[in-house]
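The structure under discussion appears below in the form of structure tokens.
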Amino acid sequence: MLTPVSTRNRILDAAERLMRTIGLAHTTTKEIARAAGCSEAALYKYFASKEELFVHVLEERLPRLGPLLRELEADPGERSVEENLAEIARRAALFYESSFPIAASLYADPRLLKRHHAMMRELGTGPRKPLSALSAYLRAERDAGRVRPDADTDAAAALLLGACAQRAFLYDFPGGERPEQPVEEFAAALARTVLAGIGA
């Protein structure tokens with residue numbers, strides 16, 4: 001018999017697989033339950049809706065950016081600002097690359113998009129969270145004297161995360177080619193460029 005944890009994990013795995021292959025708009029809870037080997041009623045024991053399930057897929061099955069940002073805001077650690085920014089950029093690029101194919105179909109269905117936004121508000125999450133967290137980390141570095149006192153941390157955070165999202169969008173676009181530059185090189189170059197503008 002499946003334990004509650006394994007059932008929940010099977011549901012998340014099935015949801016990610018279906019959302020990635022046929023898109024969020026076309027994925028139903030009935031299909032997810034079937035793919036997870038459980039009843040739809042069992043799915044609803046863990047997740048109130050498809051929208052809530054999608055948020056958990058983003059948070060638990062894709063490259064994790066949030067925990068790193070919270071950790072760095074609390075304690076930047078021994079690495080340099082450039083090293084921290086490179087790791088943030090690497091994870092952000094991988095997250096956006098993984099999430100774009102799943103989330104793209106949201107924009108084709110205004111009702112689904114509205115429900116998704118409502119669910120993110122209810123769960124206290126959304127695309128502004130990493131932006132705010134990165135800006136908070138940069139403010140902590142500014143307070144520590146490792147970033148210029150006049151640095152606009154909101155703009156720097158938007159530049160870094162925006163570049164990561166743009167990279168994922170361009171290369172996931174129909175007819176787009178996979179990036180020639182490996183993600184590690186991209187992240188390091190982006191970190192150097194952002195730091196050139198705000199570094200102490």
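Here full-length UniProt numbering is used: position 46 in the sequence shown is 46, and no number is missing along the way.
Idealized CB from N, CA, C, for every residue including glycine.
* Could you check what DSSP says for G197 in three-state terms: helix, strand or coil? => Position 197 of the sequence shown holds residue 197. Looking at G197 - three-state DSSP - the assignment turns out to be helix.
* Among T7, I198, H116 and G23, which residue has its Cα nearest to the Cα of A104? -> In the sequence shown, residue 104 corresponds to position 104, counting from 1. For the residues T7, I198, H116 and G23, the minimum Cα distance to A104 belongs to G23.
* For L65, I'd like the list of residues in its chain whose CB is within less than 6 angstroms of its CB, leaving aside the five on either flank, ordered along the chain. => Taking the sequence shown and counting its residues from 1, the one referred to as residue 65 is at position 65. Excluding positions up to five away in sequence, the list reads R91, A92, F95 and P130.
* Can you name, in chain order, every residue of its own chain whose Cβ lies under 7 angstroms from the Cβ of M19, other than the five neighbours on each side? -> Locating residue 19 in the sequence shown gives position 19, where the first residue counts as 1. Closer than 7 angstroms at the Cβ level, and outside the excluded window around M19, lie T27, F54, V57 and I102.
* Inter-residue Cα distance where the pair is L72 and A133 -> Taking the first residue of the sequence shown as 1, we reach residue 72 at position 72. Taking the first residue of the sequence shown as 1, we reach residue 133 at position 133. Taking the straight line joining both Cα atoms gives about 9 angstroms.
* **Nearest-angstrom Cβ-Cβ length linking A89 and L190, presumed shorter than 8 angstroms** => The residue given as residue 89 occupies position 89 in the sequence shown. The residue given as residue 190 occupies position 190 in the sequence shown. About 5 angstroms separates the two Cβ atoms, so the contact holds.
* Can A36 and R8 be called in contact, C-beta distance under 7 angstroms? -> The count along the sequence shown starts at 1 and reaches residue 36 at position 36. The count along the sequence shown starts at 1 and reaches residue 8 at position 8. When the beta-carbon positions are compared, A36 and R8 stay at least 7 angstroms from each other.
* Please work out which residues of its chain come closer than 7 angstroms, Cβ to Cβ, to Y107, disregarding the five sequence neighbours upstream and downstream, and give them in chain order. => Position 107 of the sequence shown, counting from 1, holds the residue named residue 107. Once the five neighbours on either side are set aside, the close Cβ partners of Y107 are L113.
* To do: Under 7 angstroms Cβ to Cβ from S39, same chain only, skipping five residues before and after it: list those, please.
  => Indexing the sequence shown from 1 puts residue 39 at position 39. Exclusion of the five residues before and after S39 leaves A33 as the residues of its chain whose Cβ lies within less than 7 angstroms of its Cβ.
* DSSP beta-bridge partners for V147? -> Here residue 147 is taken as the residue at index 147 of the sequence shown, counted from 1. In the DSSP output, where bridge partners are listed per residue, V147 has G199.
* Simplified DSSP state of R64, which is helix, strand or coil -> Sequence index remark: in the sequence shown, residue 64 carries index 64 (1-based). Reduced to three states, the DSSP call for R64 is coil.
* To do: Please go through the same chain and pick out, in chain order, the residues whose beta-carbon is closer than 7 angstroms to the beta-carbon of A168, but skip the five residues on each side of it.
  => Locating residue 168 in the sequence shown gives position 168, where the first residue counts as 1. Around A168: A93, Y96, E97 and F100.
* Asked: In terms of residues, what are the limits of the alpha helix (DSSP H) holding A118?
  -> Walking along the sequence shown from the start, residue 118 turns up at place 118. According to the DSSP assignment, A118 belongs to the alpha helix (DSSP H) that extends over P110 to L123.
* What do you get for K45, buried or exposed, if any count of 16 or more other CB atoms within 10 angstroms of its CB means buried? -> As a position in the sequence shown, residue 45 is number 45, starting the count at 1. K45 is exposed by the Cβ-count criterion.
* Asked: Quick one: complete beta strand (DSSP E) runs, 3+ long, within the region 28-83?
  -> DSSP runs (the beta strand (DSSP E)) wholly in the region 28-83: none.
* Asked: Skipping 5 residues on each side, what residues in its chain have a beta carbon closer than 7 angstroms to that of P51?
  -> Here residue 51 refers to the residue found at position 51 of the sequence shown. Correcting the residue identity first, residue 51 is Glu in this sequence and not Pro. Here E51 has R115, H116 and M119 as same chain residues with Cβ atoms under 7 angstroms from its own Cβ, once five neighbours each way along the sequence are excluded.
* Asked: Is R79 closer than 7 angstroms to L12 when the C-beta atoms are compared?
  -> Position 12 of the sequence shown, counted from the first residue, corresponds to residue 12. Position 79 of the sequence shown, counted from the first residue, corresponds to residue 79. Cβ atoms of L12 and R79: not closer than 7 angstroms.
* Which class does L2 belong to by DSSP, given the choice of helix, strand or coil? -> The sequence position of residue 2 within the sequence shown is 2, counting from 1. Confidence in L2 is poor, its pLDDT being 48 and thus under 50, which makes the residue's placement too unreliable to answer from.
* Separation of A196 from F186, as counted between CA atoms -> Position 186 of the sequence shown, counted from the start, is the residue given in the question as residue 186. Position 196 of the sequence shown, counted from the start, is the residue given in the question as residue 196. F186 and A196 have their C-alpha atoms roughly 15 angstroms apart.
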